[in-house]
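Undergrad: Could you have a look at this structure, given as structure tokens, before my questions?
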Amino acid sequence: FIGPFVQSFSEARGAAAAVFQLIDEGNDANANETDVWKEDIESIYNISGDIEFSDVNFIYPSRKDAPALRNLSFIAHAGQTTALVGSSGCGKSTCISLFLRFYEPTSGRITIDGRPITNYNIKQLRQNIGVVSQEPILFGMNIYDNIRLGKVNATRAEIEQAAREANAHNFIMQLPNVCAKHSSLSIYISSHYFFFRNTKTFVGERGIQLSGGEKQRIALARALVKQPTFLLLDEATSALDNVSEKIVQEVLDRACQGKIVFYGYDIDISFCIGRTTIVIAHRLTTIQNAHQIYVLDNGNVIEQGTHAILMAKENSKYQAMVKRQQMERINDDPNDMMGIQKAIEEDEKSILWILRFCQYTTFAVAGSKLTQRIRSKAFACLLRQEVAYFDRPENSSGAICVRLSSDASAIQEMLAVEVIHNLRTIKQLSIEKEMLQQYSELIRQVFMLVN
């Protein structure tokens, strides 16, 4: 009776073995968290925020033949902004992943205020870390719920504060109230307070209804709503255009300076606490004000210092990276010149239209007067001819009228065409001269940067 089912039982046992092995397998890295949490009542809010990587080595499980970090050591002091720069694949984002404990170092230590990060409860640690990545992820819900994901129990005042700190308040107030099947937020101000209504402001899947800069500011508000002790910025502006980058970068600079609590008109200055910020930057112009800059190469720190110190260092990699980006911006960055080029094209169109109008009007008037003068002089000359002149067949009255009408017009057309061609030639030569001067200046700047 049970014979036919023996094979099914065997297959089920084989499948369940892998599941039970996964269930029984504990997380060695976090095995001591419960004991540490019971024994150490000290809250993570009381730490000073010094972050130190000491001889950290790391190899990704899927790339065991290519170490990501090699004896990496650096310190991010509390209340200061620390920047990590370098080429792609040098280990910048790996540092962020290790600090968030997505992975554990192969060797070495990562400490907060001298204590290993494994001594802190992982959930509590992450609650005190705000992350803004290159591509912000917004969910298919309203703005309020997206911000609240940073802190589930956030109050309306905290969400208002985060939106103001992230410079998201103004554009939120300008969004239309779009009906959707999801619960949402409509915000308006009265006496500097947020009031939440049951209207629908839906951002779309992955925030498709918002621009890149708006999505980035919402993501920043989500990171700031929990007032994090640590702020991690992973190339937060590299995917934005220049206008959005400038707005978001100003917001990030203010966010790095510290926490500020708003209470209506009042600002609680006593609660202004500097954040420990780690910035990963591709555009080096965004980290010139950092307190410390570490240049990474092949998983290790090769240079460190402020922007001024690194630029003054001869033959430094940081200096070469800055100069290379300056040359790229001069030669290849179309976004920087987009607005200027558009304005120039519009001005040129307006000027060309005015010039053409003046050209055709002037030549029409001049041609008309020229024709009138030629006909008058020709007719006066005919009146002075002898009678025998008009007896010739080619000088009949009809032929003379045709000549007075057509010859003068032909002379006018020939003179007008030649004059127009000459003027256009002079204009083209002037434009070519101006373009040559501009390109000569650009080439001169490039050679100065190279030298």
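Per this note's numbering: the sequence shown ends with 489, consecutive numbering throughout. Cβ coordinates follow ideal geometry from the N, Cα and C atoms, glycine included.
#1: Given this structure, state the Cα-to-Cα distance separating tyrosine 182 from arginine 244, to the nearest angstrom.
#2: Use the C-beta contact count for valine 339: other C-beta atoms within 10 angstroms, 16 or more gives buried, fewer gives exposed.
#3: Exposed or buried, what is tyrosine 98 when buried is set at 16 or more other beta-carbons lying within 10 Å of its beta-carbon?
#4: Is it buried or exposed for lysine 351, if we count other Cβ within 10 angstroms and need 16 for buried?
#5: What does a CB cutoff of less than 7 Å around glycine 337 pick up in its chain, not counting 5 residues either side in sequence?
#6: Give the secondary structure of alanine 319 by DSSP, where H, G and I count as helix, E and B as strand, and everything else as coil.
#7: Mind checking which residues open and close the alpha helix (DSSP H) that includes serine 354?
#8: My understanding is that asparagine 184 touches phenylalanine 177, with C-beta atoms under 8 Å, so please give their C-beta distance in whole angstroms.
#9: Going by alpha carbons, who is nearest to leucine 322 out of Thr315, Met349 and Phe209?
#10: Do the segment 251-270 and the segment 196-210 meet, that is, are 3 or more Cβ pairs less than 8 Å apart?
#11: Count the other CB atoms, across all protein chains shown, that sit within 10 Å of the CB of valine 425; report buried if there are 16 or more and exposed otherwise.
#12: Reducing DSSP to helix, strand and coil, say where phenylalanine 268 ends up.
#13: With a threshold of 8 Å on Cβ separation, who are the neighbours of tyrosine 332 within its own chain once the five nearest residues in sequence on each side are excluded?
#14: If you compare alpha carbons, which of Gln247, Glu479, Phe428 and Tyr398 is closest to leucine 461?
#15: Can you give me the C-alpha to C-alpha distance between phenylalanine 140 and threonine 132, rounded to a whole angstrom?
#16: Count the other CB atoms, across all protein chains shown, that sit within 10 Å of the CB of lysine 189; report buried if there are 16 or more and exposed otherwise.
#17: Look at the alpha carbon of glutamine 423 and the alpha carbon of threonine 409, and state the distance between them as a whole number of angstroms.
#18: Taking DSSP's pairing of strands, which residues face alanine 121 in a bridge?
#19: For tyrosine 182, name the three-state secondary structure that DSSP assigns.
#20: When we look at the beta-carbon of glutamate 203 and count the other beta-carbons within 10 Å, is it buried (16 or more) or exposed?
#21: Taking only the alpha-carbon atoms, compute the straight-line gap between methionine 473 and alanine 404 and give it to the nearest angstrom.
#22: Exposed or buried, isoleucine 246, counting other C-beta atoms within 10 Å across all chains shown (16 or more means buried)?
#23: Can you have a look at serine 221 and say buried or exposed, based on whether 16 or more other CB atoms are within 10 angstroms of its CB?
#24: Express the C-alpha separation of arginine 482 and lysine 407 in angstroms, rounding to a whole number.
#25: For proline 174, count the other beta carbons within 10 Å of its own beta carbon; 16 or more makes it buried, fewer makes it exposed. Which is it?
#26: List the whole-angstrom C-beta distance separating asparagine 95 from serine 145, where the pair is believed to meet the contact cut-off of C-beta under 8 Å.
#27: Run through DSSP, which three-state label would isoleucine 347 get?
#28: Which residues in the same chain have their Cβ closer than 6 Å to the Cβ of alanine 257, if we skip the five residues on either side of it in sequence?
#29: Would threonine 314 and leucine 271 qualify as a contact pair, given that the criterion is a beta-carbon distance under 8 Å?
#30: Whose CA, out of Thr267, Phe268 and Glu288, lies closest to the CA of glutamine 254?
#31: Return the first residue and the last residue of the beta strand (DSSP E) that serine 131 is part of.
#32: How big is the Cα-Cα spacing for tyrosine 427 and threonine 400?
#33: Helix, strand or coil: how does DSSP classify valine 403 here?
#34: Which residues mark the beginning and the end of the beta strand (DSSP E) in which isoleucine 155 is found?
#35: Could you tell me the alpha carbon to alpha carbon distance between alanine 114 and serine 125, rounded to whole angstroms?
#36: In or out: leucine 163 buried (at least 16 other Cβ within 10 Å) or exposed?
TA: According to the structure shown:
#1: As a first step, residue 182 must be located in the sequence shown, where it is residue number 144. As a first step, residue 244 must be located in the sequence shown, where it is residue number 206. Take the alpha-carbon of tyrosine 182 and the one of arginine 244: they are about 15 Å apart.
#2: Along the sequence shown, read from residue 1 onward, the residue named residue 339 stands at position 301. Buried.
#3: The residue given as residue 98 occupies position 60 in the sequence shown. It is exposed - the Cβ of tyrosine 98 has fewer than 16 other Cβ atoms within 10 Å.
#4: By 1-based counting over the sequence shown, the position of residue 351 is 313. With fewer than 16 other beta carbons inside 10 angstroms of its own, lysine 351 counts as exposed.
#5: Working through the sequence shown from its first residue, we reach residue 337 at position 299. The residues are Pro105, Ala106, Leu107, Arg108, Leu110, Cys128 and Gly129.
#6: Here the question's residue 319 lines up with position 281 in the sequence shown. It is coil, neither helix nor strand.
#7: Translated into positions along the sequence shown, residue 354 becomes position 316. Careful: serine 354 lies outside any alpha helix (DSSP H) and carries neither H nor E.
#8: Sequence index remark: in the sequence shown, residue 184 carries index 146 (1-based). Sequence index remark: in the sequence shown, residue 177 carries index 139 (1-based). Contact holds; Cβ gap of about 6 Å.
#9: One-based indexing of the sequence shown puts residue 322 at position 284. Taking only the C-alpha atoms, the option nearest leucine 322 is Met349.
#10: The segment 251-270 makes contact with the segment 196-210; the number of CB pairs closer than 8 Å reaches 3 or more.
#11: Sequence index remark: in the sequence shown, residue 425 carries index 387 (1-based). Burial check for valine 425: the Cβ neighbour count within 10 Å stays below 16, so the residue is exposed.
#12: Counted from its first residue, the sequence shown places residue 268 at position 230. Of the three classes helix, strand and coil, the one that applies to phenylalanine 268 here is strand, per DSSP.
#13: For the purposes of this step, residue 332 is taken as residue 294 along the sequence shown, with counting starting at 1. Excluding sequence neighbours, tyrosine 332 sits near Phe112, Thr120, Ala121, Leu122, Val123, Val339, Glu341 and Gln342.
#14: By 1-based counting over the sequence shown, the position of residue 461 is 423. Of the listed residues, the one whose Cα sits closest to leucine 461 is Tyr398.
#15: Taking the first residue of the sequence shown as position 1, residue 140 is located at position 102. Taking the first residue of the sequence shown as position 1, residue 132 is located at position 94. When only Cα atoms are considered, phenylalanine 140 and threonine 132 end up about 10 Å apart.
#16: Along the sequence shown, one-based indexing puts residue 189 at 151. Its Cβ being crowded by 16 or more others within 10 Å, lysine 189 is buried.
#17: Within the sequence shown, numbered from 1, the residue matching residue 423 stands at position 385. Within the sequence shown, numbered from 1, the residue matching residue 409 stands at position 371. If you take the alpha carbons of glutamine 423 and threonine 409, they lie about 21 Å apart.
#18: Numbered from its first residue, the sequence shown carries residue 121 at position 83. DSSP output for alanine 121 lists Val317 and Ile331 as bridge partner(s).
#19: Within the sequence shown, numbered from 1, the residue matching residue 182 stands at position 144. Of the three classes helix, strand and coil, the one that applies to tyrosine 182 here is helix, per DSSP.
#20: Indexing the sequence shown from 1 puts residue 203 at position 165. Buried, since its Cβ has 16 or more Cβ neighbours within 10 Å.
#21: Mapped onto the sequence shown, residue 473 falls at position 435. Mapped onto the sequence shown, residue 404 falls at position 366. Rounded to the nearest angstrom, the gap between the Cα atoms of methionine 473 and alanine 404 is 33 Å.
#22: By 1-based counting over the sequence shown, the position of residue 246 is 208. By the 10 Å Cβ count, isoleucine 246 comes out exposed.
#23: Here residue 221 corresponds to residue number 183 of the sequence shown, with the count starting at 1. Confidence is the limiting factor: at serine 221 the pLDDT is only 42, short of 50, which leaves the residue's position unreliable and the question unanswerable from this model.
#24: Residue numbering aside, residue 407 sits at position 369 when the sequence shown is read from its first letter. Residue numbering aside, residue 482 sits at position 444 when the sequence shown is read from its first letter. Whole-angstrom Cα-Cα distance: 51 Å.
#25: Here the question's residue 174 lines up with position 136 in the sequence shown. Flag for proline 174 reads buried.
#26: The residue labelled residue 95 in the question sits at position 57 within the sequence shown. The residue labelled residue 145 in the question sits at position 107 within the sequence shown. Indeed, because the Cβ distance is near 5 Å, the residues count as touching under 8 Å.
#27: Locating residue 347 in the sequence shown gives position 309, counting from the first residue. Isoleucine 347 falls in the helix class under three-state DSSP.
#28: As a first step, residue 257 must be located in the sequence shown, where it is residue number 219. Only Val170 and Pro174 meet the Cβ criterion.
#29: Against the sequence shown, residue 314 aligns to sequence position 276. Against the sequence shown, residue 271 aligns to sequence position 233. No, Cβ-Cβ distance for threonine 314 and leucine 271 is not below 8 Å.
#30: Within the sequence shown, numbered from 1, the residue matching residue 254 stands at position 216. It is Glu288 whose Cα lies nearest to the Cα of glutamine 254.
#31: The residue given as residue 131 occupies position 93 in the sequence shown. From DSSP, serine 131 is part of no beta strand (DSSP E) but of the alpha helix (DSSP H) over 130-137.
#32: Working through the sequence shown from its first residue, we reach residue 427 at position 389. Working through the sequence shown from its first residue, we reach residue 400 at position 362. Spanning the two alpha carbons is a distance of roughly 38 Å.
#33: In the sequence shown, counting from the first residue as 1, residue 403 sits at position 365. Helix, per DSSP.
#34: Taking the sequence shown and counting its residues from 1, one reaches residue 155 at position 117. No beta strand (DSSP E) holds isoleucine 155; DSSP gives it neither H nor E.
#35: Reading the sequence shown from its first residue, position 76 is the one you call residue 114. Reading the sequence shown from its first residue, position 87 is the one you call residue 125. Distance between the alpha carbons of alanine 114 and serine 125: 20 Å.
#36: Counting from one through the sequence shown, the residue named residue 163 turns up at place 125. Leucine 163 comes out buried.
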